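One structure is given here, and the rest of the page talks about it.
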Amino acid sequence: MRLFNIAGLALLCLSASVLAQDAETCFEVDRTPWPKNKKCPGTSACCGVDADCMPNRLCKNKDSPPNEYVRGPCAVVPFNKKDCAAICVYTRDDKRFPRVYECDDGSFCCDNDEDCCKDRRGEFLDNRGNIVDNPNATTTTDAAISSTGTNSATLVTTTAAGTTSVDSPESTRDSSVNDDSSSSQGVKIGVGVAVPVAVIALAVGAWFFFRNRRKRTPVPQQEEKTHELPPDNRIAELAHNPQPKPTQTPQELPG
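Heads up, the sequence shown is in my numbering, so the first residue is 288 and it goes up one at a time.
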């Protein structure tokens with residue numbers, strides 16, 4: 288009997304020693320020390336001695352709701368969001384650590400925003416507790432042109448909560464019409480500016496061309512015509528044309 292009591296006392300002392308070794312003093316965001324905490328493996332995040340360290344650097348108290356977590360203190364000062372909890376980094380007036388709630392879409396909201404999950408304002412965390420974009424949502428658009436020429440589009444959004452389909456027959460058509468109209472307007476403006484500029488440039492170029500050509504072409508000099516005189520400097524006399532003799536009238540011979 289006495290041996291049993293001694294063994295129980297030794298076991299109790301050993302448990303207390305182990306708890307004392309695990310207990311550490313961690314620090315709140317405002318650098319307030321919090322003793323009797325434990326540092327989570329691989330990070331500087333701290334949780335209560337009886338709480339579980341989660342991979343996302345949050346703490347999980349026993350008997351707490353399934354979607355409730357605790358943002359615990361940090362083993363380093365100042366509070367390091369890259370090695371301790373990355374969300375809900377603020378202090379509460381009641382000297383308690385902030386509660387973190389997991390929403391239906393997989394995001395996390397803090398207890399200082401009651402409508403966070405409802406309004407889908409939560410933060411998404413990866414497996415190491417870093418804030419990331421929504422990894423579960425993908426959006427695809429299936430567009431088809433009917434025989435009447437109208438466009439129909441279906442938006443399919445897949446999330447952790449399920450799949451939602453929204454028909455949007457005019458969205459694709461409106462965006463394409465707007466793009467085409469803006470492109471056409473830009474082309475018209477460009478043509479309206481380019482044509483006058485091109486005409487002016489051609490006119491100026493033609494003027495310079497003909498001007499330079501006129502300067503380069505020599506003006507032909509008119510040759511003076513000279514009349515040569517005869518070698519003896521005398522004017523040739525006209526040939527004498529003898530006057531024709533009058534025709535003699537035949538006379539009748541005597542008889």
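Idealized CB from N, CA, C, for every residue including glycine. Model, not experiment: these values are computed from the prediction.
- Within its own chain, the residues whose Cβ lies closer than 6 Å to the Cβ of residue 398, once the five positions on either side in sequence are excluded, are 385 and 386, listed in chain order.
- Cβ contact annotation for residue 415 (same chain, cutoff 8 Å, sequence separation greater than five): 342, 343 and 344, in chain order.
- Among the bridge pairs identified by DSSP, residue 333 is matched with 326.
- In the three-state DSSP reduction, residue 320 falls in the strand class (E or B).
- Spanning the alpha carbons of residue 340 and residue 369 requires a straight line of approximately 16 Å.
- The beta carbons of residue 314 and residue 361 sit closer together than 7 Å.
- Residue environment: residue 349 is assigned as exposed (fewer than 16 neighbouring CB atoms within 10 Å of its CB, all protein chains considered).
- Counting along the chain, residue 387 sits inside the beta strand (DSSP E) bounded by residues 386-389.
- Burial state of residue 324 is buried, judged by a 10 Å Cβ sphere holding 16 or more other Cβ atoms.
- When the beta-carbon positions are compared, residue 346 and residue 359 come within less than 7 Å of each other.
- Cβ neighbours of residue 406 within its own chain (closer than 8 Å, five residues either side excluded): none.
- With a threshold of 16 other beta carbon atoms within 10 Å, residue 412 meets it and is buried.
- Of all alpha-carbon atoms in 337, 417, 353 and 389, the one lying nearest the alpha-carbon of residue 409 is that of 389.
- Assigned with DSSP and collapsed to three states, residue 487 falls in helix.
- Linking residue 373 to residue 481 through their CA atoms gives a straight-line distance of about 57 Å.
- The DSSP-derived three-state label of residue 366 is coil.
- Between residue 338 and the set 310, 319 and 317, the nearest pair of CA atoms involves 310.
- Within the model, the alpha-carbon separation for residue 365 versus residue 355 is close to 26 Å.
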